[in-house]
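Quick notes on the structure that follows.
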Amino acid sequence: MVTHVIEKDPSDERGTLLAFVEAQRGGLRRALLGLSEEQAAAKPSASELSLGGLLKHAAEVESNWVRMAQQLPPEIERDQSTWSDSFRLTEGESVAGTLASWDRVVEETERFIRSADSLEQTFPLPDAPWFPPSSRVSLRWMLIHLVEELGRHAGHADVIRESLDGKTAFELVAEAQGAPGQG
Numbered sequence: 001m002v003t004h005v006i007e008k009d010p011s012d013e014r015g016t017l018l019a020f021v022e023a024q025r026g027g028l029r030r031a032l033l034g035l036s037e038e039q040a041a042a043k044p045s046a047s048e049l050s051l052g053g054l055l056k057h058a059a060e061v062e063s064n065w066v067r068m069a070q071q072l073p074p075e076i077e078r079d080q081s082t083w084s085d086s087f088r089l090t091e092g093e094s095v096a097g098t099l100a101s102w103d104r105v106v107e108e109t110e111r112f113i114r115s116a117d118s119l120e121q122t123f124p125l126p127d128a129p130w131f132p133p134s135s136r137v138s139l140r141w142m143l144i145h146l147v148e149e150l151g152r153h154a155g156h157a158d159v160i161r162e163s164l165d166g167k168t169a170f171e172l173v174a175e176a177q178g179a180p181g182q183g
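Here this note's numbering is used: position 2 in the sequence shown is 2, and no number is missing along the way.
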């Protein structure tokens with residue numbers, strides 16, 4: 001069973017881009033369906049990635065981009081000593097709590113994008129070795145980047161989930177939609 005992003009209104013570019021971002025969020029979220037906290041923390045491949053860690057990272061990344069666009073500091077400051085914590089659930093964190101936190105980020109993303117004057121509105125990128133100096137990007141660019149970032153990690157999540165219990169993304173879509181014989 002496949003998913004398809006439906007363009008509800010061809011004149012609503014914001015809605016279309018937000019729908020593509022949501023489709024990638026869905027891939028990550030579905031990868032955790034029916035798993036225990038232990039399974040969500042498992043690292044079944046050569047990678048250091050776990051499904052819980054990918055979930056946390058995706059929520060933080062989205063929050064950071066929206067806050068950067070609003071010219072606000074990130075909610076969680078990361079440096080070299082805490083960078084790895086953005087890829088794993090730490091003491092007191094859970095899949096359910098991270099999903100709830102991401103829900104709040106999703107609401108803020110939607111509110112901010114819908115209230116912006118234009119997707120052509122720009123904001124400065126921080127000084128970092130991976131960004132060209134004195135760069136600015138548009139809200140449109142940010143949304144496309146979120147599709148790219150979340151899509152990359154949804155692909156990672158597919159591989160990790162299939163390594164854990166053999167379930168594929170297509171099976172998880174069917175399960176999430178309550179298809180007969182699933183879950």
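Built from N, CA and C at the ideal position, the CB exists for glycine as well.
For residue 181, which three-state DSSP category applies? Here the model assigns residue 181 a pLDDT of 49, short of 50, so the residue's position is not dependable and the matter cannot be decided.
CB-CB under 6 Å to residue 183, same chain, minus the five flanking residues each way: which ones, in chain order? Low confidence applies here, because residue 183 scores a pLDDT of 47, under 50, leaving its location unreliable; read the following figure in that light. 175.
Residue range of the beta strand (DSSP E) that includes residue 136: 136-138
Kindly give me the distance between the Cβ atoms of residue 41 and residue 89, rounded to whole angstroms, as I take these residues to be in contact under 8 Å. 6 Å
Any idea if residue 114 is buried or exposed, counting beta-carbon neighbours within 10 angstroms, 16 or more meaning buried? exposed
Could you tell me which uninterrupted beta strand (DSSP E) segments, each at least 3 residues in length, are contained entirely in the segment 111-166, listed from first to last along the chain? 122-124, 136-138
Does the segment 154-174 come close enough to the segment 83-100 to have 3 or more Cβ pairs within less than 8 Å? no
Check for me: the alpha helix (DSSP H) holding residue 184 runs from which residue to which? The first residue shown for the chain is 1 and the last is 183, placing residue 184 beyond what the model contains.
In angstroms, rounded to a whole number, what distance separates the CA positions of residue 14 and residue 8? About 11 Å.
Using CA atoms only, rank isn't needed, just tell me which of 120, 30, 16 is closest to residue 177. The closest CA to that of residue 177, considering only 120, 30, 16, is found on 30.
Can the beta-carbon of residue 159 be found less than 8 Å from the beta-carbon of residue 86? no
Go through the segment 14-83 residue by residue and report every complete run of the alpha helix (DSSP H) that reaches 4 residues or more, in order. 37-41, 51-69
Residue 89 - DSSP class collapsed to helix/strand/coil: coil
Could you check whether the segment 64-81 touches the segment 160-174, counting it as contact only if at least three pairs of C-beta atoms, one from each stretch, sit closer than 8 Å? no
Compute the Euclidean distance between the alpha carbons of residue 66 and residue 170, then round it to the nearest angstrom. Spanning the two alpha carbons is a distance of roughly 30 Å.
Among 140, 126, 133, 52, the one whose alpha carbon lies nearest that of residue 92: Taking each of 140, 126, 133, 52 in turn and checking the Cα distance to residue 92, the smallest one comes out for 52.
State the Cα-Cα distance for the pair residue 61 and residue 23, rounded to the nearest angstrom. Between residue 61 and residue 23, the C-alpha separation is close to 16 Å.
Of the residues 121, 95, 125, which one's Cα is nearest the Cα of residue 34? 95
So residue 105 and residue 63 are supposed to be a Cβ contact under 8 Å. How far apart are they, rounded? 5 Å
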